[in-house]
Amino acid sequence: GDRKQVLFTQRRPFPITVYNNPFGGMKMKRALVTGVTGQDGSYLAEFLLEKGYKVYGMRRRTSTPNYENVAHIKNQIEWISGDLTDLASLIEAVRISDPDEVYNLAAQSFVAASWPQPLATAQLTALAVTNMLEAVRIVKPEARFYQASSSEMYGKVQETPQKETTPFYPRSPYGVAKVYGHWITVNYRESFNMFACSGILFNHESPRRGLEFVTRKVTDAVARIKLGVQNELRMGNLDALRDWGFAGDYIKAMWLMLQQDEADDFVISTGEMHTVRELLEVAFSYVGLDYSNYVVIDPEFVRPAEVDLLLGDCTKAKEKLGWKLEVGFQQLIHMMVDEDLKRVRAETAYNNSLIGAAGAGV
Ligand code: NDP
Ligand code: GDR
19 GDRKQVLFTQ RRPFPITVYN NPFGGMKMKR ALVTGVTGQD GSYLAEFLLE
69 KGYKVYGMRR RTSTPNYENV AHIKNQIEWI SGDLTDLASL IEAVRISDPD
119 EVYNLAAQSF VAASWPQPLA TAQLTALAVT NMLEAVRIVK PEARFYQASS
169 SEMYGKVQET PQKETTPFYP RSPYGVAKVY GHWITVNYRE SFNMFACSGI
219 LFNHESPRRG LEFVTRKVTD AVARIKLGVQ NELRMGNLDA LRDWGFAGDY
269 IKAMWLMLQQ DEADDFVIST GEMHTVRELL EVAFSYVGLD YSNYVVIDPE
319 FVRPAEVDLL LGDCTKAKEK LGWKLEVGFQ QLIHMMVDED LKRVRAETAY
369 NNSLIGAAGA GV
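UniProt numbering numbers the first residue of the sequence shown as 19 and each following residue consecutively.
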């Protein structure tokens, strides 16, 4: 089973570099992805596998493993057990995977959770970046490194639209932690001449987005309300403006950054912004409902300090990386509602079958 696989992988004395390679004699590229069970990690792993990479996915041990996002590619990933806070495990992860490219996506990624857990956020979202960089510097300094930086670093924005040179003013413990992660990445590039890139990505979403994040919270609620298993939706600040794109487009930019001649930092965004209220309108009206009949404002979801507006200017990425956007805002939200309808429908059918079975005395 899975456990055997992990032990086997970890006990292998030397990394094996020759595989059953679809490109014949060429050496297969190897990537280490942290946070592979998350939204971005799962799309990135898929993309790298399609490109013929050997993908090493690092996951932390949990009492109940969560493979939901990677179920379809679980057997194609080489699993390595490791925790961001444990440098020894990261060194081991780099040693086992012997990577050409390292994508550091793992973090405490939910902004709202960073106020009640500021220190855990600092450990996982700030200091852990140094742990990863150290592991790479010690074991394989020539590996190319991607750091998942964030538009949350702009916080109380100093310039609109925001670009690579816009000053940071984070507004949450999460944002503060990401600023550290960004600068330590730049510093390792400048100090040790490592190929380390920081991608400043604006919000990106998908049907694999965690259920607490606003887009998925809304599309999941729309599906439940439409199917009669929920009757209201409690929300925070509806006036916040965000630049929302599709995760499947954004992970391609991560890869492109590591294929360049020189390491650099890039903003990735759509260049379009919408309010949370518009998000509600688009999602509810898609299934023929009026959001104002269901949405209740609840102070629990209002943040101690808010980022009012984010709008990215990704001209540099378009020009230097040739990156382009494929999925627009409406299409993205419709895709998410469609997927949630499918999932909630299947869940309700299953629950009803249990109730039916119980009623029939089975
Ligand atoms: P997710 O929250 O979906 O994924 C986070 C991943 O990190 C999960 O796989 C999680 O594992 C893993 N992780 C958390 N703590 C640890 C730990 N101690 N050790 C090892 N792994 C750990 O985030 P996204 O995919 O949305 O984002 C990826 C990265 O990009 C994050 O760093 C995020 O902050 C950043 N980012 C995201 C943006 C977005 O809009 N999505 C925008 C800009 C930056 P587990 O499953 O066990 O929890
Ligand atoms: P964000 O994403 O904080 O931008 O961070 P989130 O979807 O949580 O919030 C976006 C905006 O919506 C407002 N909002 C609510 N948010 C949530 N989660 N729940 C609500 O009920 C609600 N009501 C209103 C928020 O106040 C906020 O203004 C995401 C994460 O993926 C980070 O990891 C990443 O770095 C940034 O995007 C870019």
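Glycine residues also receive a C-beta, built at the ideal position from the N, C-alpha and C atoms.
The model shown is predicted, which means the values in this text are computed figures rather than measured ones.
Look at residue i and residue j and say whether their C-beta atoms are less than 8 Å apart.
i: D326; j: A241; result: no
i: L298; j: V313; result: yes
i: V129; j: S169; result: no
i: L62; j: I269; result: yes
i: R226; j: S60; result: yes
i: I351; j: M253; result: no
i: I91; j: E64; result: yes
i: I114; j: F220; result: no
i: D282; j: D358; result: no
i: T293; j: W262; result: no
i: S167; j: G199; result: yes
i: I95; j: I156; result: no
i: M354; j: E223; result: yes
i: P117; j: L50; result: yes
i: W341; j: L274; result: yes
i: T366; j: V247; result: yes
i: P136; j: D331; result: no
Can you say whether residue i is buried or exposed, counting buried as having 16 or more other CB atoms within 10 angstroms of its CB?
i: V88; result: buried
i: V36; result: Any answer about V36 is weak, because its pLDDT of 44 lies below 50 and its placement is not dependable; what the coordinates show is given next. It is exposed - the Cβ of V36 has fewer than 16 other Cβ atoms within 10 Å.
i: D101; result: buried
i: K72; result: buried
i: F210; result: exposed
i: Q126; result: buried
i: P83; result: exposed
i: V112; result: buried
i: L329; result: buried
i: Y74; result: buried
i: G70; result: exposed
i: T183; result: exposed
i: A144; result: buried
i: I373; result: exposed
Residue i by DSSP, collapsed to three states: which one?
i: D58; result: helix
i: G75; result: strand
i: T184; result: coil
i: T52; result: strand
i: F65; result: helix
i: D238; result: helix
i: P83; result: coil
i: S190; result: coil
i: W341; result: coil
i: L298; result: helix
i: P134; result: coil
i: M46; result: coil
i: Q348; result: helix
Give the DSSP bridge partners of residue i, in chain order.
i: I315; result: M253
i: Q165; result: N122 and S216
i: S99; result: R77
i: L259; result: T293 and L327
i: E223; result: F264
i: residue 383; result: Lying before the first or after the last residue shown, residue 383 is absent from the chain, which here runs from 19 to 380.
i: I286; result: L219
What is the C-beta distance between residue i and residue j, in whole angstroms, given that I count them as a contact (C-beta under 8 Å)?
i: R79; j: V54; result: Contact flag wrong, Cβ pair sits at about 14 Å.
i: N149; j: T52; result: No, N149 and T52 are not in contact; Cβ-Cβ is about 10 Å, not under 8 Å.
i: V154; j: V120; result: 6 Å
i: A265; j: D58; result: 6 Å
i: F284; j: K334; result: 6 Å
i: K244; j: L307; result: 7 Å
i: Y164; j: Y187; result: Actually they are not in contact, since the Cβ atoms of Y164 and Y187 sit about 24 Å apart, beyond 8 Å.
i: L339; j: D267; result: Contact flag wrong, Cβ pair sits at about 12 Å.
i: V147; j: T203; result: 6 Å
i: Y195; j: A161; result: The question names Tyr, but residue 195 is Ala in the sequence shown. Wrong, their Cβ atoms sit about 23 Å apart, outside the cutoff.
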